[in-house]
Amino acid sequence: MAHSAIVLCGGLSSRMGRPKALLPWRGRTLVEHVVATLRTVVDDVVVVTSSELDLPRLDAVVVRDREPKLGPLSGLRDGLAAASNDLAFATATDAPFLSAGFVRTMLGFGRAAAPVVEGFVQPLSAVYPRALTTTADALIAAGRMRLLHLLEAADFRSVAADELPEVESTRNLNTPDEYLGAVRRDDPGARAQVELFGLMRTTSGAATIDVDAGTLGEILDRVQSDFPMLRLRAAGEVAKNILVSLNGQAFVRDASLPVGAGDCILLMDAAVGG
Numbered sequence: 039m040a041h042s043a044i045v046l047c048g049g050l051s052s053r054m055g056r057p058k059a060l061l062p063w064r065g066r067t068l069v070e071h072v073v074a075t076l077r078t079v080v081d082d083v084v085v086v087t088s089s090e091l092d093l094p095r096l097d098a099v100v101v102r103d104r105e106p107k108l109g110p111l112s113g114l115r116d117g118l119a120a121a122s123n124d125l126a127f128a129t130a131t132d133a134p135f136l137s138a139g140f141v142r143t144m145l146g147f148g149r150a151a152a153p154v155v156e157g158f159v160q161p162l163s164a165v166y167p168r169a170l171t172t173t174a175d176a177l178i179a180a181g182r183m184r185l186l187h188l189l190e191a192a193d194f195r196s197v198a199a200d201e202l203p204e205v206e207s208t209r210n211l212n213t214p215d216e217y218l219g220a221v222r223r224d225d226p227g228a229r230a231q232v233e234l235f236g237l238m239r240t241t242s243g244a245a246t247i248d249v250d251a252g253t254l255g256e257i258l259d260r261v262q263s264d265f266p267m268l269r270l271r272a273a274g275e276v277a278k279n280i281l282v283s284l285n286g287q288a289f290v291r292d293a294s295l296p297v298g299a300g301d302c303i304l305l306m307d308a309a310v311g312g
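Numbering (my numbering), first residue to last: 39 to 312.
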């Protein structure tokens, strides 16, 4: 029997400080990692995202959440509507430890099903029939926005943790500490890079510096410790006289921002970036 999968990645990622879908994981973005895992099990993958998020090219159908402010039920409804098969496994994008065996086992129940881990139903590691699209519409119209309501409408099968392989597949990442903890556990040697420009490069005599993955504040502290002539931090914040870019894209100043393996922090004097 053919199956589909749905990846929800339209959330605000407000606690993480940067889009979770684009966090680096094992040499690619987290959304690429999750899609690749799913593609080993299912016949088609639907990624539901917001119009604000610019995703990399994926081996998946990408659809835009029609009503992103309504939460995951709206995204799941749009994913089910775009799925090609009668049953779909649904997951959030922040599932770094998702395994093919876990997905295959869940789909093997052949019906709506959700794992119960430590007493809690996990609706974003669950299987949904495509026919629930209209039920999701009705729930949204009634203001019943919890994914559990949709599972209950399908008379879902509760799956105990001891029935499943690799239950850590249900683990998600909500904060920088959770992400960096997962990175360090998965790859204790995870490294990011800092690139210096302008007077910083001239003064320090360094162009690039390899550092351990960490928060932006931790990385700036390490660079400043190695090159005390640089003034990168002030009162626990990013110094006002410097500009910091993550991967050559947006300028950032949040010291709690997570920086993972393969990320590149660009540092320059504010006058240079100016």
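For every residue, glycine included, the Cβ atom is placed at its ideal position computed from N, Cα and C. If you're wondering where the values come from, they're calculated on a predicted model, not measured in any experiment.
Handout entry: Cα-Cα separation, ARG53 to ASP215
Key = Whole-angstrom Cα-Cα distance: 10 Å.
Practice task
Within the same chain, show all residues whose beta-carbon is closer than 7 Å to that of GLY312, passing over the 5 residues directly before and after it, in chain order.
Solution key: In this prediction, GLY312 has a pLDDT of 47, which is less than 50 and means its spatial position is unreliable; nothing more can be read from the coordinates.
Exercise for the section: Excluding the 5 residues preceding and the 5 following ASP259 in the sequence, name in chain order all residues of the same chain whose CB lies nearer than 7 Å to its CB. Expected result: ARG271, listed in sequence order.
Exercise for the section: State buried or exposed for GLU70, treating a residue as buried only when at least 16 other CB atoms are found within 10 Å of its CB. Expected result: Taking a 10 Å sphere around the C-beta of GLU70, we find 16 or more other C-beta atoms and assign the residue as buried.
Handout entry: Coarse secondary structure for LEU234, derived from DSSP in three states
Key = In the displayed model, LEU234 falls within a strand according to three-state DSSP.
Exercise for the section: Have a look at ARG142 and THR75 and give me their C-alpha separation to the nearest angstrom. Expected result: When rounded, the distance between both Cα atoms is 11 Å.
Practice task
Out of MET238, SER89 and LEU170, point me to the one whose CA is closest to ALA191's CA.
Solution key: For ALA191, the closest C-alpha among the options MET238, SER89 and LEU170 is that of LEU170.
Problem - In DSSP terms, what ILE247 is bridged to - result: ILE247 is bridged to VAL232.
Practice task
Return the chain-ordered list of same chain residues with a C-beta closer than 6 Å to the C-beta of GLY117, the five sequence neighbours on each side being excluded.
Solution key: So the qualifying residues of the chain are ILE44, VAL84 and VAL86.
Handout entry: Cβ shell of LYS278 (< 8 Å), same chain only, five flanking positions each side left out
Key = When the five nearest sequence neighbours on each side are left out, the beta carbons in the same chain lying within less than 8 Å of the beta carbon of LYS278 are those of ALA272 and ALA308, in order along the chain.
Practice task
Compare the C-alpha of GLY243 against each of ALA251, ASP250, LEU234 and PRO167 and name the closest.
Solution key: Of the candidates ALA251, ASP250, LEU234 and PRO167, the one whose C-alpha sits nearest the C-alpha of GLY243 is LEU234.
Handout entry: Residue burial classification, ASP264 (beta-carbon count within 10 angstroms, cutoff 16)
Key = Flag for ASP264 reads exposed.
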